[in-house]
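Heads up: the structure comes next, in structure tokens.
Number of protein chains: 2
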Amino acid sequence: MRPDARRNRDRILVAAAALVAEQGTQASLRDVARRAEVGLGTLYRHFPTREDLLAALLGRRFEELAERADALAATAPPERALTDWLHEFTLGAAAFHGLPAALLAALHDPDSALHASCDRMRTAGGRLLAAAQQGGLIRPDVTPVDLFALANALSWIADQAPTLAERSDHLFDLVLDGLRARG
Amino acid sequence: MRPDARRNRDRILVAAAALVAEQGTQASLRDVARRAEVGLGTLYRHFPTREDLLAALLGRRFEELAERADALAATAPPERALTDWLHEFTLGAAAFHGLPAALLAALHDPDSALHASCDRMRTAGGRLLAAAQQGGLIRPDVTPVDLFALANALSWIADQAPTLAERSDHLFDLVLDGLRARG
DNA sequence: ACCTGAACACCGTTCAAGT
DNA sequence: ACCTGAACACCGTTCAAGT
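Protein sequences, first through last, are from chains A and B.
Residues 1 to 183, numbered by my numbering, are exactly what the first sequence covers, in order.
Residues 184 to 366, numbered by my numbering, are exactly what the second sequence covers, in order.
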């Protein structure tokens with residue numbers, strides 16, 4: 001990549017990170033280009049779709065979450081590993097306004113730039129889920145997709161109103177309780 | 184209301200019902216006006232905000248759901264009444280694409296045209312909830328707002344992908360299970 | 001190879017002018 | 001009283017013209 005192109009790409013990412021943090025996944029791409037002091041066409045050249053931009057913003061975070069799943073699997077007991085990881089995931093999915101919907105949609109759309117990351121999260125969560133189910137701690141009829149959907153739904157709730165965000169940990173406990181196997 | 188105004192209002196509602204059913208709560212208001220063969224200003228005169236239009240579209244449904252709560256309370260055992268009603272509510276909240284977010288936001292925004300209806304649903308659900316909690320069937324730390332949020336979240340999940348819609352009854356069972364009191 | 005911004009086809013919302 | 005549509009300030013996306 002030419003150095004001026006690299007520089008533009010970086011400027012776009014910095015501007016997008018700020019604007020998306022402020023206004024959510026639906027932030028105006030024109031605003032992003034303006035803030036980056038870059039032509040609108042330049043933004044589209046580097047990131048043909050909004051998802052491409054989001055994927056670039058979230059790449060690191062998803063990497064870390066995947067590694068975190070492995071670390072928890074190795075150190076914590078199965079149920080603890082699952083609930084801790086899910087909790088961290090819900091925090092990550094709530095990073096941007098509108099992100100939970102984008103993630104849940106991307107999981108079911110192989111063409112989305114976010115698909116690979118979502119698939120990775122589903123797999124990482126699925127491994128922790130299987131281990132907990134093996135130990136008879138979690139209902140056997142819960143699938144990795146169920147887990148991904150519920151976790152995003154919890155992030156979505158917290159995203160709808162500040163009052164609900166305060167209630168978020170409690171709702172997390174309620175939902176997780178529903179996944180537990182009954183003695 | 185002048186007869187021509189009444190006629191315009193009705194035309195707008197018919198057009199909006201069709202378009203919102205097709206494209207969701209974010210359907211273009213311009214399209215609604217065009218389909219109703221009405222000037223754009225006429226639409227805004229009858230429905231100053233998008234929520235006003237949605238409220239008019241949903242009024243009947245909410246009335247029925249409120250009555251339904253009373254009927255179930257009188258005829259079914261507490262837990263059955265609660266789960267049946269919640270199930271019907273989730274179906275109603277999934278009537279339009281984007282509706283769950285609008286409802287959850289409106290519950291926390293007294294100025295929204297949808298607020299009264301949401302408040303009514305929260306109260307209706309809250310009564311069924313209290314009865315089930317009285318019987319020791321549901322965890323005492325579940326609030327009516329928790330219930331409203333979770334029900335809308337379930338509708339939201341079903342709204343994100345057809346695959347998830349198929350999984351909707353199962354997810355409903357999982358979440359409801361989390362609300363049950365443990366022996 | 002890469003950048004730019006005008007051009008196009010859309011929005012939501014308001015409001016002067018009409019009947 | 002009520003209706004209309006032009007006007008305004010925005011979008012997302014594409015693409016010819018430039019370096």
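Each residue gets a CB set at the ideal place from its N, CA and C atoms; glycine is no exception.
Quick caveat, the model's predicted, so the values are computed rather than measured.
Item to check | Residue range of the unbroken alpha helix (DSSP H) whose run includes Q160 (chain A) | outcome: P144 to Q160 is the extent of the alpha helix (DSSP H) around Q160 (chain A).
Item to check | Beta-bridge partners of R305 (chain B), as assigned by DSSP | outcome: Answer is none; R305 (chain B) lacks a bridge partner.
Next on the checklist: Using only the alpha-carbon positions, how far apart do G126 (chain A) and R218 (chain B) sit?
Outcome noted: 47 Å
Item to check | Residues in the stretch 345–364 of chain B having any Cβ partner in chain A nearer than 9 Å | outcome: P345, T346, L347, R350, H353, L354, D356, L357, V358, L359, D360, G361, L362 and R363
Item to check | DSSP state of R363 (chain B) mapped onto helix, strand, coil | outcome: R363 (chain B): strand per DSSP, three-state reduction.
Checklist entry - In terms of DSSP beta bridges, what is I321 (chain B) paired with? => result B:R363
Next on the checklist: Measuring only the C-alpha atoms, how far is L274 (chain B) from D10 (chain A)?
Outcome noted: Rounded to the nearest angstrom, the two C-alpha atoms are 45 Å apart.
Next on the checklist: What would DSSP say about T225 (chain B), mapped onto helix, strand or coil?
Outcome noted: Helix at T225 (chain B).
Checklist entry - So which residues on chain A does D267 (chain B) lean against when the C-beta distance must stay under 8 Å? => result Within chain A, not a single residue places a beta-carbon under 8 Å from that of D267 (chain B); the smallest gap is close to 18 Å.
Item to check | Expected contact under 8 Å - CB spacing of A16 (chain A) and V38 (chain A) to nearest Å | outcome: About 11 Å separates the two Cβ atoms, so there is no contact after all.
Checklist entry - alpha helix (DSSP H) containing R80 (chain A): first to last residue? => result Residues P78 to A93.
Checklist entry - Do the stretch 345–357 of chain B and the stretch 135–145 of chain A touch if we need at least three Cβ pairs shorter than 8 Å? => result By the Cβ criterion, the stretch 345–357 of chain B is in contact with the stretch 135–145 of chain A, since at least three pairs of Cβ atoms, one from each stretch, lie closer than 8 Å.
Next on the checklist: Less than 8 Å between the C-beta atoms of G178 (chain A) and D253 (chain B), yes or no?
Outcome noted: no
Checklist entry - Quick one, which residues of the stretch 316–330 of chain B are near chain A if we go by CB-CB under 9 Å, in chain order? => result R322, D324, V325, T326, V328 and D329
Checklist entry - Taking the Cβ atom as the reference point for each residue, do A239 (chain B) and L297 (chain B) lie within a distance shorter than 8 Å? => result no
Item to check | Cβ distance (whole Å) where P283 (chain B) is taken to contact N335 (chain B) below 8 Å | outcome: 4 Å
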